[in-house]
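1 is the number of the first residue of the sequence shown in full-length UniProt numbering; add one for each residue after it. Even glycine gets a Cβ: it sits at the ideal position worked out from N, Cα and C.
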Amino acid sequence: MTERKSHLRTVRELTPTLEYRTIHGYRRAFRVAGSGPAILLIHGIGDNSTTWHTVQSALAQRFTVIAPDLLGHGSSDKPRADYSVAAYANGMRDLLSVLDIDRVTVIGHSLGGGVAMQFAYQFPQLVDRLILVGAGGVTKDVNIALRVASLPMGSEALALLRLPLVLPTLQLAGRAAGAVLGSTGLGHDIPDMLRILADLPEPTASSAFARTLRAVVDWRGQVVTMLDRCYLTESVPVQLIWGSSDSVIPVSHARMAHAAMPGSQLEIFPGSGHFPFHDDPDRFVEVVERFIDTTDPSVYDQDQLRTLLRNGRTDAAMSGPFDTQIAVLDAMDADERSAT
1 MTERKSHLRT VRELTPTLEY RTIHGYRRAF RVAGSGPAIL LIHGIGDNST TWHTVQSALA
61 QRFTVIAPDL LGHGSSDKPR ADYSVAAYAN GMRDLLSVLD IDRVTVIGHS LGGGVAMQFA
121 YQFPQLVDRL ILVGAGGVTK DVNIALRVAS LPMGSEALAL LRLPLVLPTL QLAGRAAGAV
181 LGSTGLGHDI PDMLRILADL PEPTASSAFA RTLRAVVDWR GQVVTMLDRC YLTESVPVQL
241 IWGSSDSVIP VSHARMAHAA MPGSQLEIFP GSGHFPFHDD PDRFVEVVER FIDTTDPSVY
301 DQDQLRTLLR NGRTDAAMSG PFDTQIAVLD AMDADERSAT
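Here it is in structure tokens:
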């Protein structure tokens, strides 16, 4: 058998380097650092791979850490395209294929958590472990600002950011609000929200943001949820990381996902907001490394998957406090279901 040549150069530098690959005619940007077993970092909506700057170099001391810019974000192309979570999961599979990476521990934040879960659902044979950080797609609750932005008038509001003084005025008001709110969850999150907002005036970026948002959120909340398929993670080690004061995705979602995912582990960062890896990067790295060190990689078993799918979800697969289990069941009865 001919030995396969790797298309990801050996990277031993701990400082991430920005690289590009063209896939399906579109330029995909990603930052890579370190060597060893692979970790894939997936950012949230409107964000980009630099959001992981607080933890990527530290993780790169032991791992090959790949942080892509999702299509429509950062330095990747921003075409008129499919921005659903299923399409993003396909994009992650394609990037890993081009780089000759066979298996990864997937870490997804916010929208990236929903993409990570969808990736594990679509391509279980590629997943060693799953780490969800303030993940979207658990149930419908989401910050009211995202609900409003998903409306038709949301695109017009984003277009206003291109007018002189509009963005600076919003940033000034946001910084003032952050000073008032201080150490609250929203106070923690405002600087990152302003950072993301600063990238949106560019027309292709705002268009991609709107398309991505409308694929997962409407005026009622999140329309793509994972609770109905969480039982499929039975054989996959899962770590949940959440800020106790998350102002975007409530911490109650962490407890519901934990109850619905057999054998999952839950770590809540007291006082942290939607970006716990910014608020306490050292603890974040410690949790990730401990989780990897104390769990065995998932072993993909097609027969086991067939059995799980035939039997479906059972109440016995849930754990945790009774009221949380009831909340999970109520959410599955009331919410929209997964995309595919």
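Answer yes or no: do R31 and S76 have a C-beta to C-beta separation smaller than 8 angstroms? Mapped onto the sequence shown, residue 31 falls at position 31. Mapped onto the sequence shown, residue 76 falls at position 76. Not closer than 8 angstroms, so no.
Would you call A177 buried or exposed, if buried means 16 or more other Cβ atoms sit within 10 Å of its Cβ? Numbered from 1 along the sequence shown, position 177 holds the residue referred to as residue 177. Low confidence applies here, because A177 scores a pLDDT of 48, under 50, leaving its location unreliable; read the following figure in that light. When all chains shown are included, A177 counts as exposed.
Among R93, G137, S298, which residue has its Cα nearest to the Cα of I66? Walking along the sequence shown from the start, residue 66 turns up at place 66. Closest option to I66, Cα to Cα, is R93.
Given that a residue counts as buried once 16 or more other Cβ atoms are within 10 Å of its Cβ, and exposed if not, what is R255? On the sequence shown, position 255 is the one that residue 255 refers to. Buried.
Hey, which unbroken runs of the alpha helix (DSSP H) at 4 residues or more fall wholly within the region 252-308? 252-260, 276-279, 281-293
Measuring CB to CB, does V134 end up less than 8 angstroms from G114? Counting from 1 along the sequence shown, the entry for residue 134 is found at position 134. Counting from 1 along the sequence shown, the entry for residue 114 is found at position 114. Position check: residue 134 holds Gly in this sequence, whereas Val was assumed. No, Cβ-Cβ distance for G134 and G114 is not below 8 angstroms.
Measuring CB to CB, does residue 347 end up less than 8 angstroms from L95? Because the chain is modelled from 1 through 340, residue 347 falls outside the range shown and cannot be assessed.
For a test of the three-state rule: what should DSSP assign to G74, helix, strand or coil? Reading the sequence shown from its first residue, position 74 is the one you call residue 74. Residue state, collapsed to three classes: coil.
Quick one: is T17 buried, meaning 16 or more other Cβ sit within 10 Å of its Cβ, or exposed? In the sequence shown, residue 17 corresponds to position 17, counting from 1. Exposed, since its Cβ has fewer than 16 Cβ neighbours within 10 Å.
Is the separation between the beta-carbon of A81 and that of L70 shorter than 8 angstroms? As a position in the sequence shown, residue 81 is number 81, starting the count at 1. As a position in the sequence shown, residue 70 is number 70, starting the count at 1. No.
Any non-hydrogen atom of the ligand COA within 7 angstroms of Y231 CB: This structure lacks the ligand COA; in fact it carries no ligand of any kind.
Assuming P68 is part of the alpha helix (DSSP H), what are its boundary residues? Within the sequence shown, the letter at position 68 stands for residue 68. Not the alpha helix (DSSP H): P68 falls in the beta strand (DSSP E), residues 64-68.
Going by beta carbon distance, what residues of the same chain come within less than 7 angstroms of L232, once the five residues before and after it are set aside? Sequence index remark: in the sequence shown, residue 232 carries index 232 (1-based). Same-chain partners within the cutoff: Y121, L308.
Can you look up D128 in the DSSP assignment and give me helix, strand or coil? In the sequence shown, the residue the question calls residue 128 occupies position 128. Strand, per DSSP.
Neighbourhood of G36 by C-beta, 6 angstroms cutoff - its chain only, sequence neighbours within 5 removed: Reading the sequence shown from its first residue, position 36 is the one you call residue 36. Only R62, F63, T64 meet the Cβ criterion.
Compute the Euclidean distance between the alpha carbons of C230 and G34, then round it to the nearest angstrom. Within the sequence shown, the letter at position 230 stands for residue 230. Within the sequence shown, the letter at position 34 stands for residue 34. In this model, C230 and G34 are separated by some 32 angstroms (Cα to Cα).
Using a Cβ distance threshold of 8 angstroms, determine whether the region 285-305 contacts the region 195-211, with at least three qualifying pairs required. no
Beta carbon of G221 nearer than 8 angstroms to that of G243: By one-based count along the sequence shown, residue 221 stands at place 221. By one-based count along the sequence shown, residue 243 stands at place 243. No; because the gap between Cβ atoms is not below 8 angstroms, this pair is not in contact.
For the candidate residues L197, V104, F275, P191, whose alpha-carbon lies nearest to that of S110? Within the sequence shown, residue 110 is the residue found at index 110, counting from 1. The candidate whose alpha carbon is nearest that of S110 is F275.
W219 by DSSP, collapsed to three states: which one? In the sequence shown, counting from the first residue as 1, residue 219 sits at position 219. Of the three classes helix, strand and coil, the one that applies to W219 here is coil, per DSSP.
Reduced DSSP category for E234 - H, G, I as helix; E, B as strand; rest coil: Position 234 of the sequence shown, counting from 1, holds the residue named residue 234. Of the three classes helix, strand and coil, the one that applies to E234 here is helix, per DSSP.
Taking the alpha carbon of R21 as the point to measure from, which residue in Y83, S84, G91 has its own alpha carbon closest? As a position in the sequence shown, residue 21 is number 21, starting the count at 1. Considering only alpha carbons, the answer is G91.
Which residues share a DSSP beta bridge with T17? Translated into the one-based positions of the sequence shown, residue 17 becomes position 17. V32, per the DSSP bridge assignment.
With a threshold of 16 other CB atoms inside 10 Å of the CB of E267, please say whether the residue is buried or exposed. Translated into the one-based positions of the sequence shown, residue 267 becomes position 267. The residue is buried, with at least 16 neighbouring Cβ atoms inside 10 Å.
State yes or no: is the C-beta of I131 within less than 8 angstroms of the C-beta of A38? Residue numbering aside, residue 131 sits at position 131 when the sequence shown is read from its first letter. Residue numbering aside, residue 38 sits at position 38 when the sequence shown is read from its first letter. Cβ distance not < 8 angstroms, so I131 and A38 don't count as in contact.
Nearest residue (CA-CA) to L194, options T51, T225, D128: Stepping through the sequence shown from its first residue, residue 194 is reached at position 194. Of the listed residues, the one whose Cα sits closest to L194 is T51.
Taking the beta carbon of P124 as the centre, do at least 16 other beta carbons fall within 10 Å, making it buried, or is it exposed? The count along the sequence shown starts at 1 and reaches residue 124 at position 124. Looking at its Cβ environment, which holds 16 or more other Cβ atoms inside 10 Å, P124 is buried.
Between the C-alpha atoms of L14 and H53, what's the straight-line distance to the nearest angstrom? On the sequence shown, residue 14 is found 14 positions in, with the first residue counted as 1. On the sequence shown, residue 53 is found 53 positions in, with the first residue counted as 1. Cα to Cα, L14 sits roughly 11 angstroms from H53.
Under the three-state DSSP convention, the category V180 falls into: Numbered from its first residue, the sequence shown carries residue 180 at position 180. Residue confidence for V180 is low, a pLDDT of 43 falling below 50, so the modelled location carries little weight; the figure read from the coordinates is stated next. In this structure, V180 counts as helix in the three-state DSSP scheme.
So L200 and G46 are in contact, right, with Cβ under 8 angstroms, and what is the actual spacing, rounded? To locate residue 200, count along the sequence shown from 1; it is residue 200. To locate residue 46, count along the sequence shown from 1; it is residue 46. At roughly 7 angstroms, the Cβ-Cβ gap stays under 8 angstroms, so L200 and G46 are in contact.
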